[in-house]
Amino acid sequence: YIVKIFDFICMLVDFISDSIVGVVIKKIKTFVRHIKTMFYVKLKLSRSFAFETTQSKSVSEVAEGIITEVRERTENLLAVFDFMSCATSLFFLFIVVRVLHYRYKFLTSDRFDNHFITTDLRNIDIRRAQMEKETILPLNHRERALYINVSTKRDHETVIGKHLQI
60 YIVKIFDFIC
70 MLVDFISDSI
80 VGVVIKKIKT
90 FVRHIKTMFY
100 VKLKLSRSFA
110 FETTQSKSVS
120 EVAEGIITEV
130 RERTENLLAV
140 FDFMSCATSL
150 FFLFIVVRVL
160 HYRYKFLTSD
170 RFDNHFITTD
180 LRNIDIRRAQ
190 MEKETILPLN
200 HRERALYINV
210 STKRDHETVI
220 GKHLQI
């Protein structure tokens, strides 16, 4: 008997959903359709445009005006490029003069930019020692910090590279 009560409740819920909820949904759909048609707007725009020109200058005058304006606007830029070209030429000339001066000083003065103790210098020092003359080597502490030892050609290239980076 308890099951029959649940059957009755299920049938009642089914009847209510079919008769009441179905009607409410139909009414809501009808209402939404009416609102949509009420606010429906159709816009139609049309526009016309008329343009007419009269020639006040010839084509050659217009071209001449364009060329003149371009020249006026680029005049400052060209002046800057001319100045930079002159400055670059002067710096290049300055570098060439400095190189020639350095070469002259290096070739004429034994002490100028000579920071390397080479094999030739060691051989000369050994010969001077054999002749019982004053020798250069061994160097004192201050001189060791000033001069660079070079024993092989590969070491010579490495030391020169490191010395020039400093």
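Position 57, counted from 1, in the sequence shown is what my numbering calls 116; the numbers after and before it change by one each time, with no gaps. In this text, a Cβ means the ideal position worked out from N, Cα and C, and glycines have one as well.
How many angstroms separate the CA atom of histidine 160 from the CA atom of leucine 196? Distance from the CA of histidine 160 to the CA of leucine 196, rounded to the nearest whole angstrom, comes to 31 angstroms.
How big is the Cα-Cα spacing for lysine 103 and lysine 86? Going from the Cα of lysine 103 to the Cα of lysine 86 covers about 33 angstroms.
C-beta atoms of threonine 194 and aspartate 179 nearer than 8 angstroms: No, Cβ-Cβ distance for threonine 194 and aspartate 179 is not below 8 angstroms.
Please classify aspartate 77: does DSSP put it in a helix, a strand, or coil? In the structure shown, the three-state DSSP call for aspartate 77 is helix.
For phenylalanine 153 versus lysine 164, is the C-beta spacing smaller than 8 angstroms? Taking 8 angstroms as the Cβ cut-off, phenylalanine 153 and lysine 164 do not qualify as a contacting pair.
Give the DSSP-derived three-state secondary structure of valine 100 in the structure shown. Residue state, collapsed to three classes: coil.
Starting from alanine 138, follow the alpha helix (DSSP H) in both directions and report where the run begins and ends. Bounds of the alpha helix (DSSP H) holding alanine 138 are 118 to 167.
What is the DSSP secondary structure of threonine 190, reduced to helix, strand or coil? Correcting the residue identity first, residue 190 is methionine in this sequence and not threonine. Here methionine 190 sits in coil by DSSP.
Is there at least one Cβ from chain B nearer than 8 angstroms to arginine 132's Cβ? Note that chain B does not occur in the displayed structure, where there is just one protein chain.
Measure the C-alpha to C-alpha separation of methionine 143 and valine 118 and round it to an integer number of angstroms. For methionine 143 and valine 118, the distance between alpha carbons rounds to 37 angstroms.
Under 6 angstroms Cβ to Cβ from threonine 167, same chain only, skipping five residues before and after it: list those, please. None.
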